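Chemist:
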Ligand SMILES: C[S@@+](CC[C@H](N)C(=O)[O-])C[C@H]1O[C@@H](n2cnc3c(N)ncnc32)[C@H](O)[C@@H]1O
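In the working numbering, the protein residues as written are 180 to 460.
#1: Which residue's Cα is closest to the Cα of residue 316: 403, 295, 242, 362?
#2: Rounded to whole angstroms, what is the Cα-Cα separation between residue 366 and residue 384?
#3: Can you list, in chain order, the residues of its chain whose CB lies under 6 Å from that of residue 224, leaving out five sequence neighbours each side?
#4: Is residue 446 a contact residue of ligand 1, with contact defined as CB to any heavy atom under 7 Å?
#5: What residues are listed by DSSP as bridge partners for residue 279?
#6: Using CA atoms only, rank isn't needed, just tell me which of 449, 453, 446, 447 is closest to residue 433.
#7: If I follow the unbroken alpha helix (DSSP H) through residue 360, where does it start and stop?
#8: Roughly how many whole angstroms lie between the Cα atoms of residue 239 and residue 263?
#9: Where does residue 548 fall in DSSP's three states?
#10: List the whole-angstrom C-beta distance separating residue 299 from residue 230, where the pair is believed to meet the contact cut-off of C-beta under 8 Å.
#11: If you measure between the beta carbons of residue 525 and residue 401, is that distance less than 8 Å?
#12: Locate the alpha helix (DSSP H) running through residue 203, then write down its first and last residues.
#13: Ordered along the chain, which non-local residues of its own chain (more than five positions away) have a Cβ less than 6 Å from that of residue 343?
#14: In the DSSP assignment, what are the bridge partners of residue 296?
#15: Give a yes or no on whether the C-beta atoms belonging to residue 288 and residue 204 are separated by under 8 Å.
#16: Need the endpoints of the beta strand (DSSP E) that residue 184 sits in, please.
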């Protein structure tokens, strides 16, 4: 487990994932019924953008740094506003001072009746996550394998909610493990919403993920992708996607508005691509 998200927090792939995460949660919050948010690979919750790790890569400057304060058409600004509120205050240069990871975004948006289950396997990160989330009776931080948690905590008592699966993709079989674990969870809880983040380095692997979900009987599936360039030979990350099972019915339209604008702002190069596909094969 070498991956540390602090080096990448707030980069273009985080912006893509977190803007969509915010839109999914806001849709689920339209109903009063309590919901569960399960984050299988939670990270530390909030990231210091002035810290050593963020400073060493500077990735956030090409991501959230290009979005905060950028003038956007009204419709897009309206969709981005709740995520920007979670990002929080800016410094005198207009740059964000910290960056909220997925747990902090959910913590900001969810209500008193909702519950958060946050799993992080790395010992130091699990400790930092608990500290960053503070005292909050709605949430539990668990130092455990996210896929084991997915098996143990689904279906949740609330019977409504979202599972975010956001592994580091260090293991060669991560796509396979993610697919199998999510399908097992979906069979136990077919009405839950599942958002599966993945890198786009090998397009065939992404095609296979969608093919396997479809073949297993997942009929409501949305393929969302944002790539700033063609996959790179050196393996550098330039694109990522979310496969959303049981997506809110408004999400595809919102993504069609948001993703091209985000790609443009974050430096779309030749070969860049946005994909919003409601019937992926
Ligand atoms: C991409 S980061 C998560 C980012 C976070 N979801 C966010 O959006 O802010 C992946 C995290 O998974 C953790 N991790 C790695 N293997 C894990 C496992 N088997 N179970 C749970 N967490 C794991 C890593 O330590 C890392 O913090």
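By construction, the Cβ of each residue, glycine as well, lies at the ideal position given by its N, Cα and C atoms.
Keep in mind the model is a prediction, meaning the values are calculated, not measured.
Modeler: Quick answer:
#1: Sequence index remark: in the chain shown, residue 316 carries index 137 (1-based). Among 403, 295, 242, 362, the Cα nearest to that of residue 316 is on 295.
#2: For this step, residue 366 is matched to residue 187 along the chain shown. For this step, residue 384 is matched to residue 205 along the chain shown. Rounded to whole angstroms, residue 366 to residue 384 spans 22 Å at the Cα level.
#3: In the chain shown, residue 224 corresponds to position 45, counting from 1. For residue 224, where only same-chain residues beyond five positions count, the Cβ hits under 6 Å are 280, 282, 283, 308, 311, 312.
#4: One-based indexing of the chain shown puts residue 446 at position 267. Incorrect: residue 446 has no Cβ contact closer than 7 Å to ligand 1.
#5: As a position in the chain shown, residue 279 is number 100, starting the count at 1. DSSP, once it has assigned bridges, lists 225 as partnering residue 279.
#6: The residue given as residue 433 occupies position 254 in the chain shown. Comparing Cα positions, the closest option is 453.
#7: Position 181 of the chain shown holds residue 360. Per DSSP, residue 360 belongs to the alpha helix (DSSP H) from 353-367.
#8: Looking up residue 239 in the chain shown gives position 60. Looking up residue 263 in the chain shown gives position 84. Distance between residue 239 and residue 263, taken at the CA atoms: about 14 Å.
#9: As shown, the chain starts at 180 and ends at 460. That puts residue 548 outside it, with no answer to give.
#10: In the chain shown, counting from the first residue as 1, residue 299 sits at position 120. In the chain shown, counting from the first residue as 1, residue 230 sits at position 51. Incorrect: roughly 18 Å between the Cβ atoms, too far for contact.
#11: The question about residue 525 has no answer here: the residues shown for the chain are numbered 180 through 460.
#12: Reading the chain shown from its first residue, position 24 is the one you call residue 203. Segment 191-207, the alpha helix (DSSP H) holding residue 203.
#13: By 1-based counting over the chain shown, the position of residue 343 is 164. The beta carbon of residue 343 lies closer than 6 Å to those of 218, 281, 374 in the same chain, with the five residues before and after it left out.
#14: In the chain shown, the residue the question calls residue 296 occupies position 117. Bridge partners of residue 296: 217, 319.
#15: Along the chain shown, one-based indexing puts residue 288 at 109. Along the chain shown, one-based indexing puts residue 204 at 25. In this structure, residue 204 lies closer than 8 Å to residue 288 by Cβ.
#16: In the chain shown, counting from the first residue as 1, residue 184 sits at position 5. That residue, residue 184, is in no beta strand (DSSP E); it is neither H nor E in DSSP.
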